[in-house]
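Keeping their order, the protein sequence lines are chains A and B.
If you count by the numbering used here, then the first sequence holds residues 2 to 362, one letter each, in order.
If you count by the numbering used here, then the second sequence holds residues -2 to 117, one letter each, in order.
See below for the structure under consideration.
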Amino acid sequence: MLAAAFIASWVSSLEEHLMKIHVYTGSLFLGLALFRIWRGFLGPIPYRFHSFLKPFNEVFGYVFALFRGQAPRFAGHNPAGGWSVVGLLTLGAVEGGLGLAIMGGEEHRIGPLRGLIDTQTGDLLSEIHEIIAILLLLGVVAHLTGVLVESLAHKENLAAAMVHGHKLPGVGAEEPMPSHWGLALFLIGMIGVGSAYYFKIGLAPAPETLAMLKSNPKQAWVKECGDCHFAFPPSLLPVRSWNLLFTQTAKHFGENLDLDQEILDPLQKFATKNAAEQLDSEAAYKILHSLAPQEVPLRITETPYWIKKHAEISKTVWNAPQVGGPVQCPACHIDADTGTFDDDAIHIPLQLKSPLTHKEK
Amino acid sequence: MKMKTSLCTATLTAILLASSSLVWSADKSAGEALWHQSFGKTEAGEIKSCTTCHSQDLKQVGRHITTGKPIEPMAVSVNPQRYTDPEKIEKWFKRNCKWTLDRECTQTEKENILAYLKSL
């Protein structure tokens, strides 16, 4: 199960909109890794770390013996495999912990660590998260190679032994493997209940984040801007961009807005108070930091971060009637009006895969 | 005699007033003509006309030429909410006449267009 959760986490990390699944499989992975670590200290003897962790000279002795084709059998993990297990579990637990920290700080501001970490730290942690994921993958490949080598050397199916718990006798076989059907069923039940809760109800974002995003007195913003285009959340551009935009309202992308100063002033105040510098969201932070200090973009779509994130969107998607170009954030970002732009709120209309039908005029 | 003259003047004035009010009353067909008239092109090469964004069929949803935002139908018969807010009418006449005609519309032009739109 740990292995399945690991594979699923890796696969779901490759696509941004699979974030919800990644959070799920990653949490499962962390839970199972912690469970295994707990069993390593307090579980039945063959599970315990001290039962299969041998001094390094024994490890080397085992490896050399293996090369000579004389490796002894071990009832539990062999000395090399034992350290590999500990290494993988440690890395795995760190990886899962980092995942929680990133969730709390950058991605959704959800989970047990929400609100404790800011976007900047979350961003740094996610770099480490990626490096450890690669290390883990290499570790897993090494571990599997070891399993294959020992299986061949001893002509025994070690993968099957892992599942049913029986292994041909060898060194240290004095402890019989206890049966643990009850525990296994309990674990599966817990995972079932947890999954149902997660996919039905989900995780609540940090209340302070929600408050920050929703308390904005933005009716005027939505009314005046939203009449002609999606009322972009001000957090997608820095203060300097908004200030420049508000000096050119008579030539707003080729149109004279003709708004009185008493309408414009509160709008400008709202924009600068909620600009990218002010809002601690992933989109705001990354857009802001993708800009050189002297750059004053007038369009969100001119910012390097926006360009990078949308590089793979094809013309077919942009031009589809359900989308209608890069200005239509909510066509794909279902949380666009809150300004959160969560990865798992990305929803590129599925109909785009089928031939388009055009309305008759 | 004097009485007759004044009666004549009154009648004449009445006729004049009536005819002038006929001339001044909103002219639906003038509104329609103005609505479909083209006023040159934008820098991007799009023809500037009311129909550029509101589409040829006023019972259909229009589309903002630069942003692509859908614009609710203009015809009252499919969109009864139209022309219920005088402030909104003025705001959009001002902004859209400037874009389309490069000037504000006159009171007559606005009345004509409104008469046309309300008749749909």
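Here a beta-carbon is modelled for each residue, glycine too, at the ideal position from N, C-alpha and C.
Meets three-Cβ-pair contact criterion under 8 Å: the stretch 261 to 275 of chain A and the stretch 290 to 297 of chain A: no
Members of the stretch 84 to 115 of chain B that neighbour chain A once the beta carbon cut-off is set at 7 Å: Here the close residues are K91, R92, K95, W96.
Where the stretch 322 to 336 of chain A meets chain B: residues whose CB sits under 8 Å from a CB there: G325, G326, V328, Q329
Given 8 Å, three or more beta-carbon pairs between the stretch 54 to 74 of chain A and the stretch 28 to 39 of chain A: The answer is no - the stretch 28 to 39 of chain A does not touch the stretch 54 to 74 of chain A, with fewer than three Cβ pairs under 8 Å.
Contact set between N257 of chain A and chain B, taken where Cβ atoms lie within less than 8 Å: R92, K95, W96
CB contact below 8 Å: H230 of chain A versus chain B: yes
Collapsed DSSP secondary structure at E366 of chain A in the structure displayed: The first residue shown for chain A is 2 and the last is 362, placing residue 366 of chain A beyond what the model contains.
Spatial distance of F36 of chain B from I62 of chain B (CA atoms): Rounded to whole angstroms, F36 of chain B to I62 of chain B spans 15 Å at the Cα level.
Contact the stretch 73 to 82 of chain B vs the stretch 97 to 109 of chain B: 3+ CB pairs below 8 Å: no
Anticipated Cβ contact below 8 Å, L31 of chain B with E106 of chain B, distance rounded: 6 Å
Selection from A:H253, A:R49, A:P235 that minimises the alpha carbon distance to K274 of chain A: Comparing Cα-Cα distances from K274 of chain A to each of A:H253, A:R49, A:P235, the minimum goes to A:P235.
Member of A:L33, A:H18, A:I135 whose CA lies at the smallest distance from the CA of F187 of chain A: A:L33
Under 9 Å by beta carbon: chain A residues contacting K66 of chain B: G227, D228, C229, H230, F231, G325, V328, Q329
Per-residue contacts from S39 of chain B into chain A (C-beta, under 8 Å): Residue 39 of chain B is actually Thr in this sequence, not Ser. What T39 of chain B touches in chain A: G255.
Start-end ranges of the alpha helix (DSSP H) lying completely within the stretch 229 to 258 of chain A, minimum 4 residues: 240 to 248
Interface flag, T63 of chain B vs chain A, CB-CB below 8 Å: yes
Secondary structure of H311 of chain A, DSSP reduced to three states: coil
Among A:A337, A:I349, A:W182, A:D344, nearest to I374 of chain A - alpha-carbon criterion: This structure cannot speak to residue 374 of chain A, because chain A is shown only from 2 to 362.
Own chain, CB closer than 7 Å to G255 of chain A, minus 5 neighbours either side, in chain order: none
Rounded straight-line distance, which links the Cα of M20 of chain A to that of H253 of chain A: 37 Å
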